[in-house]
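Note sheet for the following structure.
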Amino acid sequence: MAVKVFLTGATGYIGGTVLDYIYRAHPDYEYTIYVRNEDRAKPIKAKYPNVNFVYGALEDTETLLDAVSKTDVVIHTADSSDNVPGATAIAMGLEQGHTPENPGFWIHLCGTSILTWYDQKNGREGEPPLPEQTYRDVDDVERLVTLPDSAHHRNVDILVQDTISDAVKIAIVCPPTIYGEGSGPVNTRSIQVPALSRATLKEGYAPVIGKGETEWDNVYIDDLADLFLKLLDATQDPSKNNNPEIFGLHGYFFASNGVHRWSEVAQWILDEAAKKGYLSGAKTKTVSLKEAGSVAGPSAPSFGRNSKGIPQRAAKYLGWKPKGADLKSTIAATVADQAKALGLKADKA
């Protein structure tokens, strides 16, 4: 029988690219896509005519639970880090529909803003990372799975981890800043770097929080999708699908390809905007987190709080290796895209 895969978030940047990757790798699998309504399904159906759909919101517990109970693998990317009703329904569906003899698998998307908890708690904004703020997903896994309950996303992480059993096998994927053009059917743009680019072009300066020494890791969207594919393949590999270091409490996967300071990214954006003539004489501007939020929106806290997650697990257990372009090389395309959205025209070729 074909492997049954249930995916949320196919209209999104991450979920859409993941769907594209796994569908091309395994066109013989049976895919069920969870979307709000038929209109949301149309562009997905146009690109992937053989997929099935279930319609509903993450809060539609019975609908989601029933669909999950009938699948082999759940890939949850739609508001997955924060939506408690959706995670609860998935947990219940997997528990009700599976046994130790026929386990279900849950590949869950989190995000490394969970690691910003220390700066948030201590009011550190724009400061460089402290040594203890770096987490390695093998060496420091016990620290990772016991982060403070107050950490961003942690409430859902706890819910997911509490579902682990012989009948429900779980891996959590926790990416940092994601960049590059996605290959999904709807949204192909990331959030953080485009938000900073748009704010810079619109306001005429690049906002930098405090000292501007905040660091994040970053990953190319294709490399992240490849990690999801490798985890999906692992669900069907007897040498991997019973390994608790892959599916279990320790199955916590970072993914990164480089490191950046947000002040560096701000300067890259300014340089590109000046090069193309979108801005003239613009500079960085030191702002508070609140001020950054007023111009850059929900992404602003990440520009001022450190997130340092070092991937070891994916390489060690799945042979994952990032191959994509670096973040800086994608800045020109991002700036051009945001300039177009704002109706700006380049003065220079």
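Numbering (full-length UniProt numbering), first residue to last: 1 to 349.
Every residue, glycine too, gets a C-beta built ideally from N, C-alpha and C.
In this structure, Y118 lies away from I310, with their beta-carbon atoms at least 8 Å apart. Contact annotation: the segment 129-145 touches the segment 245-255, with at least three C-beta pairs closer than 8 Å. Per DSSP, A339 is one residue of the alpha helix (DSSP H) stretching across I331 to A341. Residue environment: G126 is assigned as buried (16 or more neighbouring CB atoms within 10 Å of its CB, all protein chains considered). Under the three-state reduction of DSSP, N122 is assigned to helix.
Taking 8 Å as the cut-off, the beta carbon of A41 is found no closer than this to the beta carbon of L58. The criterion of a C-beta distance shorter than 8 Å is not satisfied by G97 and L64. Each of N218, K240 and A292 was checked against the Cα of K323, and the nearest Cα belongs to N218.
The residues A225 and F228, in chain order, have a CB closer than 6 Å to that of V18 in the same chain once the five nearest residues on each side in sequence are set aside. Between the alpha carbons of G210 and R189 lies a gap of roughly 27 Å. Just so you know, the alpha carbons of A341 and R261 end up roughly 26 Å apart.
DSSP places F247 in the coil class of the three-state scheme, outside both helix and strand. Counting every other CB atom within 10 Å of its CB across the protein chains shown gives T177 a total of 16 or more, marking it as buried. Collapsing the DSSP output to three states places T32 in a strand. Looking from the CA of E264, the closest CA among P298, P207, D233 and K47 belongs to P207.
Here T235 is buried: its Cβ has 16 or more other Cβ atoms, across all protein chains shown, within 10 Å. The closest CA to that of P131, considering only G56, V335, K308 and A336, is found on K308. Along the length of the segment 126-151, whole beta strand (DSSP E) runs at least 3 residues long occupy 134-136, reported in chain order.
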